[in-house]
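To start, the structure under review is shown below, and the notes come after it.
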Amino acid sequence: MFRGSSIVALDDKFRLAVPKKFRDKLFEQNSSLIVTAHPDKCLVLYNLLSWTPIEKKLMSLSSFDPKISTLQRLLVGYADEVDPDKAGRILLSASLREFAGIQQEIIMLGQGSHFEIWDKSTWSKKINSTVKNLNLENFHELEGFSL
169 MFRGSSIVAL DDKFRLAVPK KFRDKLFEQN SSLIVTAHPD KCLVLYNLLS
219 WTPIEKKLMS LSSFDPKIST LQRLLVGYAD EVDPDKAGRI LLSASLREFA
269 GIQQEIIMLG QGSHFEIWDK STWSKKINST VKNLNLENFH ELEGFSL
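Mapped onto my numbering, the consecutive letters of the sequence shown carry residue numbers 169 to 315.
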């Protein structure tokens, strides 16, 4: 399970050095990694073992539904299969960087089964706006939940 966040600077070749604390689990069984687009204009990073069932399920749905075909285009169309180098770095392609507006500094957010990868300044604006406008009243899914 991936949790926590890390701020990482891409190198001159636009490689992301996956933080050591995440490498063992993410690179388990020498699996390739999948980096793809997310509808929120960020990237998501999965190991191939976790990604495969998601891709199969998504591609089994009808592409005649415009919402489904949009998700298929984003998630499968942008998907890059990448292998980390010996230093634990992965290349973020130009098309993915452009999609997510990634410049040089990113934040990796653990989301249980995967990571979200955001341009640091984009994430800062998004999370500040989200927290400012957060209203949990009448949020029935959280009944009985407490921190």
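In this text, a Cβ means the ideal position worked out from N, Cα and C, and glycines have one as well.
Treat the numbers as computed from the prediction; the structure is a model and nothing was measured.
Bounds of the alpha helix (DSSP H) holding E266 are A262 to A268. Note on L310: under 16 other CB atoms within 10 angstroms of its CB, so exposed under the neighbour-count rule. DSSP places M276 in the strand class (E or B) of the three-state scheme. Residue nearest to D208 within the set Q240, N215, N296 and F267 is F267 (criterion: CA-CA distance). Rounded to whole angstroms, the gap between the alpha carbons of S218 and S297 is 31 Å. Within the same chain, K209, D287 and T290 come within 8 Å of G269 by CB-CB distance, once the 5 residues on both sides are set aside. Within the stretch 210-268, the runs of alpha helix (DSSP H) that reach at least 4 residues and sit entirely inside it are, in chain order, 216-228, 234-243 and 262-268.
As DSSP reads the structure, V203 sits in a beta bridge with L213 and D248. For D192, the secondary structure class from DSSP, reduced to helix, strand or coil, is helix.
Bounds of the beta strand (DSSP E) holding V176 are S173 to A177.
Between V212 and G312, the alpha-carbon positions lie close to 30 Å from each other. Per DSSP, the continuous beta strand (DSSP E) segment holding E284 begins and ends at F283 to D287.
L259 is not a Cβ neighbour of R191, given a cutoff of 7 Å.
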